[in-house]
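Data first, discussion second: the structure below is written as structure tokens.
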């Protein structure tokens, strides 16, 4: 879900922008780091999947 455009508070939109930019530009690196963390720690349960 997207917070941007679904809140009456402008701060909600503004708070989402840096994270959206980070994911837009570095998605592969973020996913690689998550998978590396998960593979190194098999006891950590996956909470949500895409």
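Residue numbers (this note's numbering): 10 to 59. For every residue, glycine included, the Cβ atom is placed at its ideal position computed from N, Cα and C.
Rounded C-alpha distance that separates residue 30 from residue 19: 17 Å
Straight-line gap, residue 47 to residue 33 (C-alpha atoms, nearest Å): 22 Å
Coil, strand or helix - residue 32 by DSSP: DSSP, read as helix, strand or coil, puts residue 32 in helix.
Cα-Cα separation between residue 49 and residue 27, rounded to whole angstroms: 28 Å
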